[in-house]
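Shown next, in C-alpha cells, is the structure this report addresses.
Protein chains: 4
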Amino acid sequence: MNNNKIIKDAYLESITNKRCGDKIEELLYIQNKILNAKKIVVATNNKKKFDIINNILISLFKNYDKPLPTIEKLDLPTNSVDLTRFPAINKGLIAVDTSDADIVIARGRLGAPGSGSMLIIMNNKGRCLSASLSPTSLIHKKDIEDAVKDELNEALERIGINIDISI
Amino acid sequence: MNNNKIIKDAYLESITNKRCGDKIEELLYIQNKILNAKKIVVATNNKKKFDIINNILISLFKNYDKPLPTIEKLDLPTNSVDLTRFPAINKGLIAVDTSDADIVIARGRLGAPGSGSMLIIMNNKGRCLSASLSPTSLIHKKDIEDAVKDELNEALERIGINIDISI
Amino acid sequence: MNNNKIIKDAYLESITNKRCGDKIEELLYIQNKILNAKKIVVATNNKKKFDIINNILISLFKNYDKPLPTIEKLDLPTNSVDLTRFPAINKGLIAVDTSDADIVIARGRLGAPGSGSMLIIMNNKGRCLSASLSPTSLIHKKDIEDAVKDELNEALERIGINIDISI
Amino acid sequence: MNNNKIIKDAYLESITNKRCGDKIEELLYIQNKILNAKKIVVATNNKKKFDIINNILISLFKNYDKPLPTIEKLDLPTNSVDLTRFPAINKGLIAVDTSDADIVIARGRLGAPGSGSMLIIMNNKGRCLSASLSPTSLIHKKDIEDAVKDELNEALERIGINIDISI
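Residue numbers (the numbering used here), protein chains in the order written: chain X, 1 to 167; chain Y, 1001 to 1167; chain G, 2001 to 2167; chain U, 3001 to 3167.
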C-alpha cells in the first residue's frame, strides 16, 4: 500500500538523520485519508457535541464534493479515560478498538487535570493525523459549542483542509 | 503530598461521573509546579531552538519574580522518536528518564509524518501539564524561531501563565 | 463486526464493575484472529530470529490444518525503539503502521535497560493479543534460538494455542 | 545521578547500533532500586491480593537484610483501566501519578480482553523495571493467591532477586 511506503520512507529518513520536515505527499495522504473516509466515529456520547461535529463534517464533505461517510457516535461511557495520562488520545483508541471506522474524532482532556482539552483525529489503527488544543475552560470563556467548532476547524486547517472552501 | 490529593480527587470525580471541567486548584497546582521548578530540561539538542526557549524562560521567571531554575538542553540525539506514534511526547519522556528535571519541555512532531508539530510541558514523572500545536510547516510560513516562540507562549498562556505580565 | 461487540461488552462490564475475568468467547476470538491470519509480519530484521519464528509458524498452521499466511520480516532497522519506555511494544507498532499485516509478532526489550525481553503478538490495530517474557540474558543462559522458540511457544500456549497439537 | 547516566549510556549504544544486550550495571541498578525502596504502593484495592504481595515483600526485605519500606495499597477503584490497551501498565501509572512511591507494583489484564494477566514493577516515574505474565484464567486453574504469588516471584527472579534466598 502507498500509505505504508510513505511512512516507511519517513522512518528511514529519521533513522538516517536526513529528515527535514513534513513532505507534501505525507500531507496529501492525510488529507485524502480524511476526505475519502467511509465511516467516521465521533468518540463522545454527548449528543450536543456530536451534533456540532456532525454538522461541520456534513458541510465539509459537501464543500469538497465528496460522498458523505457514515458518521456515528460512540455509544459507550468514556469518562474513565480521565484516569489515564492522555485522556483524549485514550478516548480515541476506545473508538478505534470498538468500531470499524476509517477515521475517529475524539475530544477530551489533554493531560493532567487542569491541562485543558484536546481534539484529535486518528486513522483506523489509532495513529494521530491531526489535533487541536483549547485552553483550560477556566481561562477561555467560550461556550462548549463554539469551543468544539473552533477545535475541529483548527485541527483540519493545520493540515490544509478548510471547512468553508467557498470563502 | 497536596498534588497527589488533587489528582486523586479528580480521578474520583471522573469514576463517579461527577467531573465538570478543570478546577482552579488544579490550574494553580500546574502553574506553581512550573514557576517553582529548580531544574528544567529542554528536550532538543538543537542549539538555536534551545536558545529561544532559554531566553523566554529567563524573562518568564524574572517577570514572575521567581528564582531562575537551572535550564539545560538534552545532550542526546532524539530523531529516533519519529518512529513512534507520538514523537514529541516520546522525546519528552527521554528527557524525563535521563535527567532529574522538575519540568521537561519537548518539541517534535505531533503524530504521523505530515501532522505538524507539538510543544509539550511535562512534570518529572512524564505527565502532560500543557502543550501547543503548530500547523505542518508546509502550511505555516513562520521561521523556526517565531514558531518555537509562539508555541511556548501559547502552551503557557492556555494554563494562565503570561510570559510578558507587564503588558 | 463480532469482534467490536466482544470488546464493547467487555468494556461495559468493566465500567459497571461486573467484570469477572476473561471469557471463553474472548479467548476464541483471539485464537481465531491468529489462526486465520492472511499476513503476519515479524518485527525483526534479524534473519536468524525471523527464521526461527517463521518455522514455528509453518508448523503451527499445518498442525491446525489452516492455510499458511504470508509471513514477512520487517525490513526496517528498529534499534531506535530502545529509547522508548516499552521497546517491544513500540517495535510492534512500527510493523503495524508500515504494513497491512493482520498479525504482528515483535520481540525486544521489555522496559528499562536491564529488564529482559518481551515477545508480543498484536492485531492489525496494535492491540496486544498475547505476549511472553524472558529473564534478562545475564540470568538465563539459553542461546537466542531456544529463547525465541520458547517465547513464541509460551505466548501461544497461554491463550490456548499449542504449537504441537499432535502431542 | 548514576541512574540517569546508565540510561543515557544505554540509549547511546542503541542509537549507534552498538547495543548487545542487558549489562550487569543495569541489572544491579534495577535490583538496588527495588531493594532500597522507602515506599512501595501496590496498585490494587483488593485486600486479599494486597495481603499476598505484602507478605512476600516482608519476607523479601528480611531475607536481604534490608529495612522494610512502607507498603501501601492504592485506595482508588481501578477497573476503568480495562478500557485502555494495556490495563496493567495503566493501573501502575495511576499509582505513580497519585502517590510518592519509589516502587509501584500493579497487576491487571495484559492487553485485549481474553489476553490473561500481567504483574508489573515500575519506578517512581512509571518506567518498567520488571514484569511477569499469567495465562488467561480460562486455561490455568490456579487459585488467585497462588497466581499472584507466582507472578511476583517470577517478576523478581527474572531480574536476579530471589524471594527465598536461604534456599
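All C-beta atoms, glycine included, are put in the ideal place defined by N, C-alpha and C.
- With a minimum length of 3 residues, the unbroken runs of beta strand (DSSP E) contained wholly in the stretch 3056-3099 of chain U fall at 3070-3073.
- Taking the C-beta atoms as reference points, residue 71/X is found nearer than 7 Å to residue 40/X.
- Between residue 102/X and residue 38/X a beta carbon distance of about 5 Å is seen, short of the 8 Å cut, so the two are scored as contacting.
- For the stretch 3081-3103 of chain U, residues whose beta-carbon sits nearer than 8 Å to a beta-carbon of chain X comprise 3081, 3083, 3084, 3085, 3090, 3093, 3094, 3097.
- Of the residues assessed, residue 113/X falls on the buried side of the cut-off, its CB having 16 or more other CB atoms within 10 angstroms.
- Cβ-Cβ separation between residue 1129/Y and residue 1030/Y: approximately 5 Å, consistent with a contact (criterion under 8 Å).
- Against residue 3046/U, chain Y offers no close residue; the least beta-carbon distance is about 16 Å (beta-carbon pairs closer than 9 Å).
- Look at residue 3039/U here: in three-state DSSP terms it is strand.
- Under the 7 Å criterion on CB atoms, residue 11/X is classed as interfacial with respect to chain G.
- The bridge partners DSSP lists for residue 20/X come to none.
- DSSP, read as helix, strand or coil, puts residue 1046/Y in coil.
- Residue pairing by DSSP places residue 1027/Y opposite no residue, since no beta bridge is assigned to it.
- When Cβ-Cβ separations below 7 Å define contact, residue 32/X makes no contact with chain G.
- As a beta-bridge residue in DSSP terms, residue 3106/U pairs with 3043/U, 3120/U.
- Contact between the stretch 2116-2135 of chain G and the stretch 3130-3144 of chain U is present: 3 or more CB-CB pairs across the two stretches fall below 8 Å.
- Not a single C-beta of chain Y is nearer than 7 Å to the C-beta of residue 164/X.
- Excluding residues up to 5 positions away in sequence, 3048, 3052 lie with their Cβ nearer than 8 Å to the Cβ of residue 3145/U in the same chain.
- Interface residue (Cβ-Cβ distance to chain G less than 7 Å): residue 3127/U is classified as such.
- Of the residues 1124/Y, 1142/Y, 1081/Y, the one whose Cα lies closest to the Cα of residue 3004/U is 1124/Y.
- Separation of the CB atoms of residue 3109/U and residue 3095/U is rounded to 16 Å, and the pair is thereby denied contact status at 8 Å.
- Against residue 38/X, chain G offers no close residue; the least beta-carbon distance is about 14 Å (beta-carbon pairs closer than 8 Å).
- In the three-state reduction of the DSSP assignment, residue 1130/Y falls in the strand class, which pools E and B.
- Out of 56/X, 100/X, 43/X, the CA that lies nearest to the CA of residue 79/X is found in 43/X.
- Scanning chain U for C-beta atoms nearer than 7 Å to the C-beta of residue 1004/Y yields 3098, 3099, 3100, reported in chain order.
- Around the beta carbon of residue 120/X, 16 or more other beta carbons sit within 10 angstroms, so the residue counts as buried.
- Interface with chain U (7 Å Cβ-Cβ cutoff): residue 2121/G is excluded.
- Take the alpha-carbon of residue 1025/Y and the one of residue 1033/Y: they are about 12 Å apart.
- For residue 1138/Y, no alpha helix (DSSP H) segment is defined, and its DSSP state is neither H nor E.
- Interface criterion met: the Cβ of residue 76/X is under 7 Å from a Cβ in chain G.
- At a cut-off of 7 Å between beta carbons, residue 3043/U makes no contact with chain G.
- When C-alpha distances from residue 2149/G are compared across 2027/G, 2016/G, 2054/G, the shortest belongs to 2054/G.
- In the structure shown, residue 1032/Y adopts helical secondary structure according to DSSP, grouped into three states.
- DSSP places residue 1004/Y in the helix class (H, G or I) of the three-state scheme.
- Under the three-state reduction of DSSP output, residue 162/X falls in the coil class, being neither helix nor strand.
- Here residue 11/X is near residue 2076/G, since their CB atoms are less than 7 Å apart.
- Think of a sphere of 8 Å around the beta carbon of residue 3056/U: no beta carbon from chain Y falls inside it, the nearest being about 25 Å out.
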